[in-house]
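Read in numbering that gives the first Met the number 0, the sequence shown has 54 at position 55, and its numbers run on one by one without any break. Written out below as structure tokens is the structure these notes cover.
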Amino acid sequence: MQVATLANETDFDGWRQAARRFRAAGVRPEAASFRVGAGEGGLFDDVAPVGEAGPQFPVPRAFVELAENVILHRSADRFDLLYRLLWRLEREPDLMRVVSDRDVADAMERAKNVNRASHKMKAFVRFRLAEAEGEEHWISWFEPAHRVVEKTAPFFARRFSTMRWSILTPDGSAFWDTERLTFGPAATRDMAPAEDEIEDFWKTYYASTFNPARLKTKTMQGEMPKRYWANLPEAALIPELVAAANGRAAAMVAAPAPEPNPRLAKTLSRMGRDHAFEEGFVPSSLEELGHAVQACRRCPLWRDATQGVCGQGPKAAKLMIVGEQPGDQEDLAGQPFVGPAGQVLDAALSETGIDRDDVFVTNAVKHFKHEPRGKRRIHRTPAASEISACRWWLNAERALVKPKVILTLGSTAALGVLGRKVAVTQERGQPLALPDATALLTVHPSYLLRIPDREAAETERERFVADLKAVHRLL
Ligand code: URA
Numbered sequence: 000m001q002v003a004t005l006a007n008e009t010d011f012d013g014w015r016q017a018a019r020r021f022r023a024a025g026v027r028p029e030a031a032s033f034r035v036g037a038g039e040g041g042l043f044d045d046v047a048p049v050g051e052a053g054p055q056f057p058v059p060r061a062f063v064e065l066a067e068n069v070i071l072h073r074s075a076d077r078f079d080l081l082y083r084l085l086w087r088l089e090r091e092p093d094l095m096r097v098v099s100d101r102d103v104a105d106a107m108e109r110a111k112n113v114n115r116a117s118h119k120m121k122a123f124v125r126f127r128l129a130e131a132e133g134e135e136h137w138i139s140w141f142e143p144a145h146r147v148v149e150k151t152a153p154f155f156a157r158r159f160s161t162m163r164w165s166i167l168t169p170d171g172s173a174f175w176d177t178e179r180l181t182f183g184p185a186a187t188r189d190m191a192p193a194e195d196e197i198e199d200f201w202k203t204y205y206a207s208t209f210n211p212a213r214l215k216t217k218t219m220q221g222e223m224p225k226r227y228w229a230n231l232p233e234a235a236l237i238p239e240l241v242a243a244a245n246g247r248a249a250a251m252v253a254a255p256a257p258e259p260n261p262r263l264a265k266t267l268s269r270m271g272r273d274h275a276f277e278e279g280f281v282p283s284s285l286e287e288l289g290h291a292v293q294a295c296r297r298c299p300l301w302r303d304a305t306q307g308v309c310g311q312g313p314k315a316a317k318l319m320i321v322g323e324q325p326g327d328q329e330d331l332a333g334q335p336f337v338g339p340a341g342q343v344l345d346a347a348l349s350e351t352g353i354d355r356d357d358v359f360v361t362n363a364v365k366h367f368k369h370e371p372r373g374k375r376r377i378h379r380t381p382a383a384s385e386i387s388a389c390r391w392w393l394n395a396e397r398a399l400v401k402p403k404v405i406l407t408l409g410s411t412a413a414l415g416v417l418g419r420k421v422a423v424t425q426e427r428g429q430p431l432a433l434p435d436a437t438a439l440l441t442v443h444p445s446y447l448l449r450i451p452d453r454e455a456a457e458t459e460r461e462r463f464v465a466d467l468k469a470v471h472r473l474l
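Written out as structure tokens, the structure is:
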């Protein structure tokens, strides 16, 4: 038996070097073994030196991506499985496409479990507030199903970029100091604070979102497996809430149906959006709507956003301006149009003589859709299905504010407001009669920021201001 020693449980580079050496030396999978740490020896016949890497050979990218995840799986034989696949790839170059192959299917299943553990970590890490050297420090204790701390920590660095935090786990810890992400040794539960006052707040919120009439214990345990309950403050409430669910649901059924806000109901049904009442909820004020959007699960965009960002402005504004979706800065600030596009919009509004404080400014989509690139979060255009899912909120805002004029910025906003696909360049600047308001379409201010040629950019900016002036006249 040839044995390679890896530095730690997730030492992918070490495994790769060792596997290369084994392969170069013709060591068959049955004769290769991997262990972690120095160990005592004695279990293996022969220990292969794994100092230098053997010669390199190309392996499919799909294999490398799969292996990077499989190595994080807690199973003891994962290194062997990966080496067996690598060995076979030399003779069966298309192996990774044979998803029915036992080894391939096994590796894919393990990678899936790892990704699921990473997803659960994103959902179930709960920070508690502590103080270190006079500064706020947020600490979480978490027990992931697989060794996903390093894989998942960058998500928290992006999401909570302005907080100092540590995530402690039995496998290792991650620390973010608002600039740098570092990793440290394994921790124990007692290193994390036991409780903080935010917990009560969180529990109250959880209890208020718990709907006894929709209780499906099996689904709930699938989504929130019991293994995570020990570290979830809200889990302490679950047995009690579940026990009381039948009684509460019966009381709900017996109680007369609450009247939806009649003003809102009338406007929404005029707009043909009766399905807004599914789940029986109708926000009766902008404040309520702003809270409720934080629990929105109409599409998956909530998962990667910091928060839902609703519109801002007077509740009886005559003008509503609708953008696409919150950007990076808006996602963090919780306010629409506070970043670079917002500055272009503000400048154009003041040139037109419209006071932004008189305008209700919002977006067609309430959560920031993006993808990570290095440390940055890159904007991604929302899909038609996401825009359509979010129309419920936009319509609720329209019904509450009742603007006389709605200005849409760009095609996502136009689709959100009109409910149909629109060529903005063709329909731009012409007033369109809607059941509840007059709409005017124009381009998005970020488009103006992207025009490289200065003269062309100035011409476009003037057209944008002209569209705002047309809005001003309609008001
Ligand atoms: N772009 C938008 O469409 N909306 C914002 O809130 C910010 C940038």
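Ideal placement from N, C-alpha and C gives every residue a C-beta, glycine not left out. Quantities reported herein were computed from a predicted structural model and do not represent experimental measurements.
Between the alpha carbons of Leu94 and Ser32, how many angstroms are there, rounded? 22 angstroms
Where Arg73 and Ala116 are concerned, what is the direct C-alpha to C-alpha distance, given to the nearest angstrom? 11 angstroms
Gln1 in three-state terms, based on DSSP: strand
For the region 329-336 and the region 353-362, state whether three or more C-beta atom pairs, one from each stretch, are separated by less than 8 angstroms. yes
Please state the DSSP three-state secondary structure of Ala107. Per the sequence shown, the amino acid found at residue 107 is Met instead of Ala. If DSSP states are grouped into helix, strand and coil, Met107 belongs with the helices.
Simplified DSSP state of Val35, which is helix, strand or coil: strand
Can Leu88 and Phe62 be called in contact, C-beta distance under 8 angstroms? yes
Taking the straight line between their C-alpha atoms, what separation do you get for Gly183 and Gly171? 6 angstroms
What does the alpha-carbon distance come out to for the pair Pro381 and Ala455? 27 angstroms
Thr437 and Lys468 - do their beta-carbons sit closer together than 8 angstroms? no
Note down the Cα distance separating Tyr82 from Arg375, rounded to an integer number of angstroms. 35 angstroms
Which residue marks the beginning of the alpha helix (DSSP H) containing Pro381, and which one marks its end? Note, Pro381: premise wrong, no alpha helix (DSSP H); not H, not E.
Using 8 angstroms for Cβ pairs, my map puts Val421 next to Ala413. What's the rounded Cβ distance? 4 angstroms
For Ser283, does the count of other Cβ atoms within 10 angstroms reach 16, so buried, or fall short, so exposed? exposed
Starting from the C-beta of Leu440, find all residues in its chain whose C-beta is less than 6 angstroms away, skip the five residues before and the five after it, and write them out in chain order. Thr407, Ala413, Val423, Glu426 and Arg427
Nearest-angstrom beta carbon gap, Gly333 and Val308 [assumed within contact, 8 angstroms]: 6 angstroms
Per DSSP, Leu440 forms a beta bridge with which residues? Thr407
Is it the case that the CB of Glu323 approaches a heavy atom of the ligand PLP more closely than 7 angstroms? This structure does not include the ligand PLP; its bound ligands are the ligand URA.
Going by DSSP in three states, Glu178 sits in which element: helix, strand or coil? coil
Between His136, Met190 and His378, which has its C-alpha nearest Asp176's C-alpha? His136
When Phe159, Thr4, Asn68 and Ser99 are compared against Tyr304, the one with the closest alpha-carbon: The sequence shown places Ala at residue 304, rather than the Tyr named in the question. Measuring from the Cα of Ala304, the nearest candidate turns out to be Phe159.
Among Gly352, Arg355, Gly312 and Asn230, which one has its Cα closest to the Cα of Glu142? Asn230
Looking only at C-alpha atoms, which of Leu236, Pro232, Ala235 and Val241 sits nearest to Lys217? Val241
Identity of the residues DSSP links to Gln311 by a beta bridge: Val360
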